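Chains as they are written, first to last, in my numbering: chain A, 418 to 525; chain B, 418 to 525.
Everything on this sheet refers to the single structure shown next.
Protein chains: 2
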Amino acid sequence: MKPENLFTGIPAELSEELLTTIHRGDGVRIERIVSQGQSSPQGFWYNQDENEWIIVLEGSAAIEFEEGTEVLELHRGSYLNIPAHVRHRVAWTDPHQKTVWLAIHYRT
Amino acid sequence: MKPENLFTGIPAELSEELLTTIHRGDGVRIERIVSQGQSSPQGFWYNQDENEWIIVLEGSAAIEFEEGTEVLELHRGSYLNIPAHVRHRVAWTDPHQKTVWLAIHYRT
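Set out below in structure tokens:
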């Protein structure tokens, strides 16, 4: 059993979001997401079959929901639970630095 | 839906480890652990019914396993999966700063 590190293995340039599944267990999938300036296309909404608990560990980003007018800004340490089928999109991610997220996907 | 922050609400002085369940879902429990200098008692081994995936987000610590001689040092970003019933203990945590862990407990 050897620890790995979440902040290693991140390419200097990211042409698109980098999604890496770092652990899979019974009913749970842990994913690292690295973004820099990417956002969801206008009018696109994620509609996921699983619940997703997310935390921003570096950088900053914002999420918005189809039902609601508020854009939620996320900074280092911000976390949020997004229940399955709650339609949402990434409004923006910081273009000047990497945003590193941890996402815990778990079944309903 | 409002984001909360993992690094807020940490008392300046910690006489013992601070364990806070920050999210509960189907088959998953997400816990924040804050330590400063605490370790498991000598000869004590955790023997948990659930799997536990852990990551250190601030500070540093070390974990050791009953089966094995190695003490695994963990720093910012270090993560590790500890399967259920793998006996382990916290060998040390940094006495000079807070160590903030995130632990994902999930069923077998």
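By construction, the Cβ of each residue, glycine as well, lies at the ideal position given by its N, Cα and C atoms.
The structure displayed is predicted, hence computed values, not measured ones.
As a quick exercise: from the options, pick the residue whose alpha carbon is nearest that of residue i.
i: B/Val451; options: B/Leu474, B/Asp443 and B/Glu469; result: B/Leu474
i: A/Thr516; options: A/Met418, A/Arg449, A/Pro420 and A/Pro458; result: A/Arg449
i: B/Gln465; options: B/Gly454, B/Glu490 and B/Ile499; result: B/Ile499
i: B/Glu467; options: A/Gly444, A/Asn468 and A/Glu467; result: A/Gly444
i: A/Leu489; options: A/Gln453, A/Trp509 and A/Ile427; result: A/Trp509
i: B/Lys419; options: A/Ile521, A/Ser432, A/Phe424 and A/Ile471; result: A/Ile471
i: B/Ala429; options: B/Gln453, B/Glu469 and B/Ser495; result: B/Gln453
i: B/Asn513; options: B/Leu423, B/Leu431, B/His505 and B/Glu421; result: First, the amino acid is wrong: residue 513 of chain B is His here, not Asn. Considering only alpha carbons, the answer is B/Leu431.
i: A/His502; options: A/Asp511, A/Tyr523, A/Ile447 and A/Thr425; result: A/Tyr523
i: A/Gly460; options: A/Trp518, A/Val507, A/Leu423 and A/Thr525; result: A/Val507
i: A/Ile447; options: B/Arg504, B/His505, B/Thr525 and B/Tyr496; result: B/Tyr496
Could you give the DSSP three-state label for residue i: helix, strand or coil?
i: A/Val473; result: strand
i: A/Arg504; result: coil
i: B/Glu421; result: strand
i: B/Thr510; result: strand
i: B/Phe482; result: strand
i: A/Asn468; result: strand
Using C-beta distances below 7 angstroms, list every residue in its chain close to residue i, excluding the 5 sequence neighbours before and after it, in chain order.
i: A/His492; result: Val473 and Ser477
The beta strand (DSSP E) that contains residue i, what's its start and end?
i: A/Trp518; result: Thr516 to Tyr523
i: B/Gly442; result: Leu435 to Gly442
So, for residue i: in the same chain, excluding its five sequence neighbours on each side, which residues have a beta-carbon less than 6 angstroms away from its beta-carbon?
i: B/Ile427; result: Val451
i: B/Glu469; result: Ile499, Ala520 and His522
Does the ligand MG have a heavy atom nearer than 7 angstroms to the CB of residue i?
i: B/Val507; result: Absence of the ligand MG is noted for the structure shown, with no ligands found whatsoever.
Touching by the beta-carbon criterion (3+ pairs, under 8 angstroms), the segment 439-446 of chain B and the segment 471-482 of chain B: no
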